[in-house]
Amino acid sequence: MRAPDIHAGSYLPTLGSRFSVTDGLIPALLGVLLGNALQLQQTLLMPVSDCLIGVLLGLLLLALSLRARWPTLRWGLIGAAFAVLAFSSTSWRAQVYGSQVLAPALEGRDIAVTGVVAAMPQRFEGGVRFLLDLEAASLDAQPLRLPPRLELGWYAGVYARGDGPGESMGELQRLPAPLQAGERWQMTVRLKAPHGAINPHGFDYELWQWVQGVQATGYVRAGPRDPPPRWLALTWQHPVQWARGQVRDQILARLADSDAAGLIAALVVGDQAAIERADWDVFRATGVAHLMSISGLHITMFAWAAALALGWLWRRSAWLCLRVPAPTAALLGGMALATAYALFSGWGVPAQRTVLMLATVGALRLLGVRWPWPQVWLLACAVVVAVDPWALLQAGFWLSFVAVGVLFATDAGVSRASSSGIKGRFRTLMREQWMITLALTPLSLLLFGQVSLVGLLANALAIPWVTLLVTPLAMLGVLLHPLWDLAALAIGLLAQLLRGLAQWPWA
């Protein structure tokens, strides 16, 4: 899955003698990034009418650019047009999304809701958390309008919410039911709008919920004075999420006696809540936490490794190569496996961004478009930002795209002869992993204010171990369960090594 050839021009058709599809592409892409970046700095949103005016202005500037005679003027008009269009469209999307927020008067009220569990429930010591796609809601038997997606907690034991008149904590709340994705439930809930802590450089909880599409959080009321939650039906909605839950349960059941059960569940289905807090502390101290959660970087490396493996296997058959070239098969296969992995890991926003980025790069290659790698990288970046403007505010976006840029830059300078064969491909993959680690170290220091010096060594060992051994075994274990035992053994050995490194003074 190589970066586009930097020695050839574009094969895209022209639109006349003075303007082509690629003419002014760079200012257009920069305009998309600049327009969205400027909009995200605004404290107030434009009215919808102003957004419409902005779109018309952007189209006018774009039309004027087609008639501009001087290249500098044409590029300037194109950049300004796309910046205005991006600014206006993002403002309009934010207005539409903001119109669905929870009304303040409904906070803290007992509301009857009916909906479908939209994702694999997250279990924890005090109960379960889950997403509910709302179908109906009522207050005092009167229908009302709520945000379309709710994040709810169903607590029990000492974590239960006994805040009604005369209720005590912990002893009155009904135990959570074994929820599954796709189930339709009717229950009483109390809601509030997402609120984050005002801590400089801290985790932006409100932004995270905004990106997830959650505009109200709350908890299930299951005390003796509340109507008991009712299971209504198992629907065909969210089948992938249902399958994730089944696989997670199978992993936890098979590896019940293993400390690595949570790690395998996290790598296969993206259930990060299954990882113990003590393990998270070790991973953060050694700088390998990104490998234990399915992030954009993780999916990118999975796609790269899958493409290399599929390309090697495809070249073993002359019959296959005569029908589909090995590079094409490797690209399509790597994309398909990466998309399947992203879907099965929960299809979170970082995963969606990464799949979109990989699809953009893959489409250019399939179309025979040969651009310099910085231009391809910028196009992928602009496409992702156009679809998800709020990605610019998230550290994962920058980590993913720096990693991809490093892959492009290092891959572009490598000859095919030096990377042929199993040993050559292995050396190429190891070099790319090491370069990514070096590139992300200063960026991590800038974004998070800390970096583990031990992380350089830890990542050099952990990245190939997790990418080439643990993750394939864990994923193949879905088809052949005994492979989960091997994956647990492999990740257990790595965890022991990381615990030792975490004790070093520079961790």
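Using my numbering, you'd call the opening residue of the sequence shown number 88 and step up by one each time. C-beta atoms are modelled at their ideal positions from N, C-alpha and C, and glycine is treated no differently. Predicted, not measured: the structure shown is a model, and the values here were computed from it.
Where the alpha helix (DSSP H) through residue i begins and ends
| i | result |
| --- | --- |
| Glu293 | Tyr292 to Gln299 |
| Leu465 | Trp460 to Val474 |
| Ala330 | Pro326 to Arg341 |
| Val355 | Ala348 to Val356 |
| Ala320 | That residue, Ala320, is in no alpha helix (DSSP H); its beta strand (DSSP E) goes Arg317 to Leu321. |
| Ile376 | Rather than Ile, the amino acid found at residue 376 in this sequence is Ala. Residues Ala376 to Met379. |
Under the three-state DSSP convention, the category residue i falls into
| i | result |
| --- | --- |
| Val204 | strand |
| Ser133 | Before going on, a small fix: residue 133 reads as Met here, not Ser. Met133: coil per DSSP, three-state reduction. |
| Val307 | strand |
| Leu540 | coil |
| Gln126 | helix |
| Leu560 | helix |
| Glu258 | Reliability fails at Glu258, whose pLDDT of 47 lies under 50, so the model's placement of it is uncertain and the value that follows must be treated cautiously. Glu258: coil per DSSP, three-state reduction. |
| Arg312 | coil |
| Tyr98 | Confidence at Tyr98 is low in this model, with a pLDDT of 38, below 50, so its placement is unreliable and no value can be given for it. |
| Arg271 | strand |
| Thr411 | Before going further, note that residue 411 is Val rather than Thr in the sequence given. Three-state DSSP puts Val411 in coil, outside helix and strand. |
| Val565 | coil |
| Leu278 | strand |
| Arg518 | helix |
| Asp572 | helix |
| Trp401 | helix |
| Ser487 | helix |
| Asn32 | Nothing in the structure corresponds to residue 32, since the chain is present only between 88 and 594. |
| Trp406 | helix |
| Ser432 | coil |
| Arg457 | coil |
| Gln359 | helix |
| Gln439 | helix |
| Ser345 | coil |
| Val245 | Only weak support is given to the placement of Val245: the predicted model assigns it a pLDDT of 48, under 50, and the value that follows is read from those uncertain coordinates. In this structure, Val245 counts as helix in the three-state DSSP scheme. |
N- and C-terminal bounds of the beta strand (DSSP E) containing residue i
| i | result |
| --- | --- |
| Trp367 | Unbroken run through Trp367 is the alpha helix (DSSP H), Arg364 to Thr373; no beta strand (DSSP E). |
| Ala48 | Lying before the first or after the last residue shown, residue 48 is absent from the chain, which here runs from 88 to 594. |
| Trp241 | Arg236 to Tyr242 |
Under 9 Å between C-beta atoms of residue i and residue j
| i | j | result |
| --- | --- | --- |
| Gly269 | Gln328 | yes |
| Glu238 | Ala280 | no |
| Ala582 | Asp366 | yes |
| Val355 | Met562 | yes |
| Val119 | Asp197 | no |
| Val200 | Leu378 | no |
| Val204 | His385 | no |
| Leu172 | Gly145 | yes |
| Ala394 | Gly433 | no |
| Leu278 | Leu233 | yes |
| Val301 | Leu231 | no |
| Ile578 | Ala396 | no |
| Val442 | Ala416 | no |
| Glu222 | Arg271 | yes |
| Val369 | Met444 | no |
| Gly542 | Gly374 | yes |
| Val448 | Ala467 | yes |
Chain-order list of residues whose beta-carbon lies under 8 Å from that of residue i (same chain, five-residue window excluded)
| i | result |
| --- | --- |
| Tyr98 | For Tyr98, the pLDDT reaches just 38, beneath the cut-off of 50, and the residue's location in the model is therefore unreliable, although a value from the coordinates is still provided. For Tyr98, where only same-chain residues beyond five positions count, the Cβ hits under 8 Å are Leu454, Gly455, Val456 and Arg457. |
| Gln590 | none |
| Leu164 | Leu148, Leu149, Leu151, Ser152 and Ala155 |
| Ile338 | Ala348, Ile351, Ala352, Val355, Val356, Gly564 and Trp571 |
| Asn123 | Ala173, Phe174, Thr177, Val472, Ala473, Pro476 and Leu479 |
| Val135 | Trp179 and Gln182 |
Neighbourhood of residue i by C-beta distance below 7 Å, restricted to the same chain and skipping five residues each side
| i | result |
| --- | --- |
| Pro414 | Gly398 |
| Glu363 | Gly349 |
| Val489 | Ala526, Leu527 and Leu530 |
| Leu117 | Gly166 |
| Val188 | Pro234, Ala280 and Gln302 |
| Arg402 | Cys408 and Ala413 |
Own chain residues within Cβ distance below 6 Å of residue i, not counting five before or after
| i | result |
| --- | --- |
| Arg493 | This sequence places Val at residue 493; Arg is not what is there. Cβ neighbours of Val493 beyond the five flanking positions: Met522, Ile523 and Ala526. |
| Glu293 | Pro281 and Gly283 |
| Gly202 | Leu219, Asp220, Leu221 and Glu222 |
| Met133 | Ser178 |
| Ser186 | none |
| Ala168 | Gly145, Leu148 and Leu149 |
| Ser619 | The requested residue 619 is not part of the displayed model; the chain covers only 88 to 594. |
Query raised in the report: Fully enclosed by the segment 181–232, which beta strand (DSSP E) runs are 3 residues long or longer?
Result: At a cut-off of 3 residues, the continuous stretches assigned as beta strand (DSSP E) that sit fully inside the segment 181–232 are 198–204, 209–211 and 214–226.
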